[in-house]
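Asker: Quick mapping for you: the protein sequence lines, in order, are chains A and B.
Quick note on the working numbering: the first sequence kicks off at 2 and runs consecutively.
Quick note on the working numbering: the second sequence kicks off at 46 and runs consecutively.
A virtual CB, placed ideally from N, CA and C, is assigned to each residue, including glycine.
Remember, predicted model here, so these are calculated numbers, not experimental data.
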Amino acid sequence: MRAAFIIAAKDLSQRIRDRSAILLGLVAPLGLALIFGAIIPDTAGGSFDVFLGYVDEDRGQVSRGFIEEVLPDVVAEGLATATSYADLDGALADVEAGTIHALYVFPEGLSDGVMAGQGGTVRLVGNVDQSISTQIAEAILDGYLAEVDAISIAVGAAVLNGATDPEAIIATAAGAPAAVVLADTEAASRELDIVTFFSAGMAVFFLFFTVQFGVSSLLEERFHGTLPRLLGAPISRWSILGGKALTSFVLGIVSMIVLAVATTLLIGAEWGDPAGVLILMLAGVLSALGIMAVVAVVSKTPEQAANWQSIVAVVLGLLGGTFFPLSQGPAILSLFSKLTPHAWFLQGLGDLSAGDGLAVVVTPALAMLAFFVVTVALATLLGRGKVLAP
Amino acid sequence: MNVLECAGLVKAFDDLVAVDDVGFHIAAGETYGLLGPNGAGKTTSISMIAGILESDAGTVTVGGTEITTHTTEGKAQIGYVPQDIAIYPDLSARENLRFFGKLYGLPKEQLDLRIDEVLEVIGLADRSDDRTDEYSGGMKRRLNIGIGLLHEPSLLILDEPTVGVDPQSRNAILEGVEALGHSGTAVLYTTHYMEEAERLCDRVAIIDGGKIRAEGTRRELVELVGQRDTVNLGVVGSAPRLVEALQPISEIESISAAEASVEILVEGASELLPRILDTAQQANVGISGVEVVEPNLESVFLHLTGKALRD
Numbered sequence: 002m003r004a005a006f007i008i009a010a011k012d013l014s015q016r017i018r019d020r021s022a023i024l025l026g027l028v029a030p031l032g033l034a035l036i037f038g039a040i041i042p043d044t045a046g047g048s049f050d051v052f053l054g055y056v057d058e059d060r061g062q063v064s065r066g067f068i069e070e071v072l073p074d075v076v077a078e079g080l081a082t083a084t085s086y087a088d089l090d091g092a093l094a095d096v097e098a099g100t101i102h103a104l105y106v107f108p109e110g111l112s113d114g115v116m117a118g119q120g121g122t123v124r125l126v127g128n129v130d131q132s133i134s135t136q137i138a139e140a141i142l143d144g145y146l147a148e149v150d151a152i153s154i155a156v157g158a159a160v161l162n163g164a165t166d167p168e169a170i171i172a173t174a175a176g177a178p179a180a181v182v183l184a185d186t187e188a189a190s191r192e193l194d195i196v197t198f199f200s201a202g203m204a205v206f207f208l209f210f211t212v213q214f215g216v217s218s219l220l221e222e223r224f225h226g227t228l229p230r231l232l233g234a235p236i237s238r239w240s241i242l243g244g245k246a247l248t249s250f251v252l253g254i255v256s257m258i259v260l261a262v263a264t265t266l267l268i269g270a271e272w273g274d275p276a277g278v279l280i281l282m283l284a285g286v287l288s289a290l291g292i293m294a295v296v297a298v299v300s301k302t303p304e305q306a307a308n309w310q311s312i313v314a315v316v317l318g319l320l321g322g323t324f325f326p327l328s329q330g331p332a333i334l335s336l337f338s339k340l341t342p343h344a345w346f347l348q349g350l351g352d353l354s355a356g357d358g359l360a361v362v363v364t365p366a367l368a369m370l371a372f373f374v375v376t377v378a379l380a381t382l383l384g385r386g387k388v389l390a391p
Numbered sequence: 046m047n048v049l050e051c052a053g054l055v056k057a058f059d060d061l062v063a064v065d066d067v068g069f070h071i072a073a074g075e076t077y078g079l080l081g082p083n084g085a086g087k088t089t090s091i092s093m094i095a096g097i098l099e100s101d102a103g104t105v106t107v108g109g110t111e112i113t114t115h116t117t118e119g120k121a122q123i124g125y126v127p128q129d130i131a132i133y134p135d136l137s138a139r140e141n142l143r144f145f146g147k148l149y150g151l152p153k154e155q156l157d158l159r160i161d162e163v164l165e166v167i168g169l170a171d172r173s174d175d176r177t178d179e180y181s182g183g184m185k186r187r188l189n190i191g192i193g194l195l196h197e198p199s200l201l202i203l204d205e206p207t208v209g210v211d212p213q214s215r216n217a218i219l220e221g222v223e224a225l226g227h228s229g230t231a232v233l234y235t236t237h238y239m240e241e242a243e244r245l246c247d248r249v250a251i252i253d254g255g256k257i258r259a260e261g262t263r264r265e266l267v268e269l270v271g272q273r274d275t276v277n278l279g280v281v282g283s284a285p286r287l288v289e290a291l292q293p294i295s296e297i298e299s300i301s302a303a304e305a306s307v308e309i310l311v312e313g314a315s316e317l318l319p320r321i322l323d324t325a326q327q328a329n330v331g332i333s334g335v336e337v338v339e340p341n342l343e344s345v346f347l348h349l350t351g352k353a354l355r356d
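(1) Do you know how far the Cα of A/Ala378 is from the Cα of B/Arg263?
(2) Going by alpha carbons, who is nearest to A/Thr135 out of A/Ala276, A/Gly349, A/Leu53, A/Lys245?
(3) Can you say whether A/Ile333 is buried or exposed, counting buried as having 16 or more other CB atoms within 10 angstroms of its CB?
(4) Please classify B/Asp59 as buried or exposed, where buried requires at least 16 other C-beta atoms within 10 Å of its C-beta.
(5) Threshold first: 3 residues or longer. Then list the beta strand (DSSP E) segments lying entirely within the stretch 95-152 of chain A, N to C.
(6) Answer with yes or no whether the minimum CB distance from B/Lys153 to chain A is below 7 Å.
(7) Against chain A, with Cβ distances strictly below 7 Å, would B/Tyr180 count as a contact?
(8) Using the beta-carbon of each residue, which ones in chain B are nearer than 9 Å to A/Gln15?
(9) Rounded to the nearest angstrom, how far is the Cβ of A/Val298 from that of A/Gly386, given a contact under 8 Å?
(10) Tell me whether A/Val374 is buried or exposed, calling it buried when 16 or more other Cβ atoms sit within 10 Å of its Cβ.
(11) Three or more C-beta pairs under 8 Å: does that hold for the stretch 77-87 of chain B against the stretch 225-244 of chain B?
(12) Scan the stretch 234-273 of chain B and note each continuous beta strand (DSSP E) run of 3 residues or more that stays entirely inside, going in chain order.
(13) With DSSP as the reference, identify every bridge partner of B/Asn141, one or two as the case may be.
(14) Within the continuous beta strand (DSSP E) that includes B/Gly103, where are the two ends?
(15) Does the Cβ of B/Glu343 have 16 or more other Cβ atoms within 10 Å, making it buried, or fewer, making it exposed?
(16) Taking A/Ile236 as the query, report the chain B residues whose CB atoms sit under 7 Å from its CB, ordered along the chain.
(17) Any idea what DSSP makes of A/Val388, helix, strand or coil?
(18) Spatial neighbours of A/Leu220 within its chain, please: C-beta separation below 7 Å, excluding the five flanking residues on both sides.
(19) Counting only C-beta atoms, is B/Ser199 closer than 7 Å to chain A at any point?
(20) Helix, strand or coil for A/Thr84 per DSSP?
(21) What is the DSSP secondary structure of B/Val210, counted as helix, strand or coil?
(22) Just to confirm before moving on: does the CB-CB distance between A/Gly253 and A/Val212 stay below 7 Å?
(23) Tell me where the beta strand (DSSP E) around B/Leu151 begins and ends.
(24) Using the three-state DSSP reduction, which class does B/Ser90 fall into: helix, strand or coil?
(25) Is it true that the CB of B/Val62 sits closer than 7 Å to the CB of B/Gly255?
(26) For A/Leu367, tell me which candidate among A/Gly349, A/Thr381, A/Leu353 has the shortest Cα-Cα distance.
(27) Can you give, in chain order, each stretch of the alpha helix (DSSP H) that sits fully within the stretch 273-350 of chain B and has at least 4 residues?
(28) What are the boundary residues of the beta strand (DSSP E) that includes B/Asn189?
(29) Please return the same chain residues whose Cβ sits closer than 7 Å to the Cβ of A/Ile68, not counting the five positions on each side in sequence.
(30) For a test of the three-state rule: what should DSSP assign to A/Leu89, helix, strand or coil?
(31) Residues of the stretch 95-115 of chain B in Cβ contact with chain A at a cutoff of 8 Å, in chain order, please.
(32) Any beta carbon of chain A sitting closer than 7 Å to that of B/Pro206?
(33) Using the Cβ count rule (16 or more neighbours within 10 Å means buried), how would you classify A/Gln119?
(34) Which value, in whole angstroms, describes the spacing of the CA atoms of B/Ser333 and B/Ser299?
(35) In the structure shown, what three-state DSSP assignment does B/Asp174 receive?
(36) Based on Cα-Cα distance, which residue from A/Leu283, A/Gly110, A/Leu319 lies nearest to A/Phe337?
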């Protein structure tokens, strides 16, 4: 055991000295988390601001329904701010300037047309640089207009059936449909906010690059000719392997913890209950260690191992949803993502963020530990007789 | 008392038997040479002796303790200097020494002392804190040896330590090995340089094809060949024709031909040389040079294996 610590201390000293571990374990993931968090809007956590405006030239039932019933709910949810404009030209100028992201224009006579069963048109003007905000504005309006369509049809049907009091019919029809649903609150609560998502995603993505330094250093020992010296020293062979694994483990866990603290302090990431996060980190580091050990075992040179490990890290990272939330992709992707520790790690953090207690990390942690057990067994099988050959 | 005893060592890689029933012993203060060409089985043998490579059969004891790949006790008595330079290029000489000293369990005070001593011995005291990738080849080679000496082993194994070394560093290494022998350290020295074996080794084993062909002091080995001399002829013309022409001379023990030379093993070369040159003239083969070599380990190797001791 003492020899393993001596070997790990030497390896860690080398890695810190050549700055490669610091670069890949801290600088790169922190930098990317900062960049992604800054340039990609948060659609899940409510911190992304949508500035909406409206011009009500209609002043009828349809425009009032939207302005007085729908928009206040959207604003209350924290999804957007809404500004009223009396002057269309002034509103369009603000859209052009980017002061507001999207503008609803309710034309004169809209409500009359709808109530007459003839339909009508609501104009949506979006700023060219705010496509996501415009899409959100469109989605809000679509939901409302679907409801209006239902009312319009009901009114038309009532009139055809001989009803003579349209106002009473509209009041009845408007009371029937469900309110516009803006979000799936259950799903949203299990997703990380965008800053935390990219902080955790980059941390687990680069974890696989960080841990490779330890497991691959056995190949470097052979390359430098120092492996026979280690084998000839009065230490057990397991202590050599243990030293390398310890190097990977320490590099991995330290980089994860430092990233969690740094992203919390610098960009306000919310990783969740520290105990749960630590459990997920420990399991994640072990799973990465096992996978990279398999790649190291089947490689012949340090360069070959580094190349393969990079490919594996990138493929698993993409598949595991470290660059975009899996909920945004096709369902099949979510299924395949379970073949990666990354997805389990992010799922564990997401569940933890929902505040359901430490129990929610048990399944993701066990899944990642299963990766560790299987890959270590595989590495042992594949490396038998050749890993410690002089 | 013998420091090293090994017997019946066997190692095969698939169908290739690299080491076949190798065994010898080395006493304290004795320098023992394994002399043989590349691929003879020297490195495989010492890898098993150092507990680096698992043997298929045989036993090794150092200071009475059995050595295998899984034992740790006896290995502390062995200093191993691999043929290839085995140091960490991004660490300094002092850091390399400290790391391996810790692995060998040297207490801190003793380790600090030994590091300074070894750095003096190998002449790197003034460059001890420089990264070793800034060292010359000779400096790296000296550090390579210094690491093996650090823990004051009772058995030092040196695997071709002068390969690729400049003459000055080579001489320094040979002087160092001689001094070790005088200090009581048992030294196992592998080489394919006959002169090194003759200069350093109290006893020599000639190894070829994984087998020890002969073993003894230089005198004992030379006696195996008798008082035979080696005559090397530079040939202008057909070397095989000259070999054929010389066959009838009964005093000639063996002849081997290369592209432009013929090597002849005879007893009493000076008396026979005129007759050999006459025969070459009659065979219409020109002679561009003549060299007579008295018996040495090279001759012994030629006698035992039928081939020259070359790279």
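Answerer: Here's the rundown:
(1) Cα-Cα distance, rounded: 54 Å.
(2) Looking at the Cα atoms, A/Leu53 is the closest of the given residues.
(3) exposed
(4) exposed
(5) 103-107, 124-127
(6) No - not a single Cβ of chain A is within 7 Å of the one on B/Lys153.
(7) no
(8) Tyr133, Asp135, Leu136
(9) Contact flag wrong, Cβ pair sits at about 11 Å.
(10) With a 10 Å radius around the Cβ and a threshold of 16 neighbouring Cβ atoms, A/Val374 comes out exposed.
(11) Short answer: they touch.
(12) 248-253, 256-261
(13) Its beta-bridge partners do not exist; DSSP assigns none.
(14) Note, B/Gly103: beta strand (DSSP E), 102-107.
(15) buried
(16) Here the neighbours are Thr117, Leu148.
(17) coil
(18) Ala297, Ser300, Thr302, Pro303, Ala306
(19) no
(20) strand
(21) coil
(22) Taking a C-beta distance under 7 Å as the contact criterion, A/Gly253 and A/Val212 qualify as a contact pair.
(23) Where B/Leu151 is concerned, there is no enclosing beta strand (DSSP E), given that its DSSP letter is neither H nor E.
(24) In the displayed model, B/Ser90 falls within a helix according to three-state DSSP.
(25) yes
(26) A/Gly349
(27) Correct list: 284-291, 314-327, 342-350.
(28) Per DSSP, B/Asn189 is not a residue of any beta strand (DSSP E); the alpha helix (DSSP H) it occupies stretches across 182-194.
(29) Tyr55, Asp57
(30) helix
(31) Ala95, Gly96, Ile97, Leu98, Thr114, His115: these are the residues of the stretch 95-115 of chain B whose beta carbon lies less than 8 Å from some beta carbon of chain A, given in chain order.
(32) no
(33) By the 10 Å Cβ count, A/Gln119 comes out exposed.
(34) Going by the C-alpha atoms only, they are around 21 Å apart.
(35) coil
(36) Considering only alpha carbons, the answer is A/Leu319.
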